[in-house]
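Here the sequence shown is numbered in the numbering used here, starting from 8 and rising by one per residue.
What follows is a single structure, written as structure tokens, with notes after it.
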Amino acid sequence: MTQLQEAVGTGLAATARVSPGIAGRLAFELWRRPGRPVRVRASEQAVHEAARATYVDHPRGRVTAYAWSDGARPVLLVHGWGSRASRWSDLVTALLDAGLSPVSYDAWAHGSTPGRVGGTALDHQDVIAELDRRSGGF
Numbered sequence: 008m009t010q011l012q013e014a015v016g017t018g019l020a021a022t023a024r025v026s027p028g029i030a031g032r033l034a035f036e037l038w039r040r041p042g043r044p045v046r047v048r049a050s051e052q053a054v055h056e057a058a059r060a061t062y063v064d065h066p067r068g069r070v071t072a073y074a075w076s077d078g079a080r081p082v083l084l085v086h087g088w089g090s091r092a093s094r095w096s097d098l099v100t101a102l103l104d105a106g107l108s109p110v111s112y113d114a115w116a117h118g119s120t121p122g123r124v125g126g127t128a129l130d131h132q133d134v135i136a137e138l139d140r141r142s143g144g145f
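Set out below in structure tokens:
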């Protein structure tokens, strides 16, 4: 844990003693910020560029989505916090070799999708439902 993380934790703990509600809201706002979006690595570049990029419009903002192949036998790949869809490049290649069609997206404030804060589980549910509809079902 960095000194900054320790200081933030100490500050939140002190705030929680005075006002648990305020501390909870502050913690949630901090948790939603993934930091600077990571870039596509050189080892991921070819697979990333081979994707067909589209967009999913959402009340929180437009999300960049990616599809590889023709859509037969689609498989959804969802990246983790502070990551991006291109991190799946090795798995995308393996899925394509197996005759599957990977689909992924960059969440808010991740990868190519702009923003300062990430989405909630319900926001992701909306995007996944739209990608499911477009692909004919995962």
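Ideal Cβ positions, reconstructed from N, Cα and C, are used throughout, including at glycine.
For clarity, every value in this text was computed on a predicted model and none was experimentally measured.
State buried or exposed for residue i, treating a residue as buried only when at least 16 other CB atoms are found within 10 Å of its CB.
{"i": "SER76", "result": "buried"}
{"i": "TYR62", "result": "exposed"}
{"i": "ALA101", "result": "exposed"}
{"i": "THR127", "result": "exposed"}
{"i": "THR17", "result": "exposed"}
{"i": "ARG24", "result": "exposed"}
{"i": "GLY122", "result": "buried"}
{"i": "GLY118", "result": "buried"}
{"i": "THR120", "result": "buried"}
{"i": "PRO27", "result": "exposed"}
What residue range is occupied by the uninterrupted alpha helix (DSSP H) comprising residue i?
{"i": "VAL54", "result": "52–57"}
{"i": "ALA21", "result": "10–25"}
{"i": "LEU138", "result": "128–142"}
{"i": "LEU98", "result": "96–104"}
Per DSSP, which residues does residue i bridge with? Please list them.
{"i": "THR120", "result": "HIS117"}
{"i": "SER76", "result": "DSSP output for SER76 lists no bridge partner at all."}
{"i": "PRO109", "result": "VAL82"}
{"i": "ALA92", "result": "According to DSSP, ALA92 bridges with nothing at all."}
{"i": "VAL63", "result": "VAL70"}
Which residues in the same chain have their Cβ closer than 6 Å to the Cβ of residue i, if we skip the five residues on either side of it in sequence?
{"i": "ARG39", "result": "VAL124 and GLY125"}
{"i": "HIS55", "result": "VAL47 and SER93"}
{"i": "GLU51", "result": "SER93 and SER96"}
Short check: CB of residue i to CB of residue j, under 7 Å?
{"i": "ARG59", "j": "ALA72", "result": "no"}
{"i": "SER111", "j": "ALA79", "result": "no"}
{"i": "VAL45", "j": "VAL134", "result": "no"}
{"i": "ASP113", "j": "ARG91", "result": "yes"}
{"i": "GLY41", "j": "TRP88", "result": "The sequence given here has Pro at residue 41, not Gly. Closer than 7 Å, so yes."}
{"i": "ARG67", "j": "TRP115", "result": "yes"}
Residues in its own chain within less than 8 Å of residue i by CB, not counting five upstream and five downstream?
{"i": "ASP139", "result": "LEU83 and PHE145"}
{"i": "GLY106", "result": "ALA79 and ARG80"}
Less than 7 Å between C-beta atoms, sequence neighbours within five positions excluded: which residues of the same chain meet that for residue i?
{"i": "LEU19", "result": "ALA30, LEU33 and ALA34"}
{"i": "THR22", "result": "ILE29, ALA30 and LEU33"}
Locate the beta strand (DSSP E) running through residue i, then write down its first and last residues.
{"i": "VAL82", "result": "81–85"}
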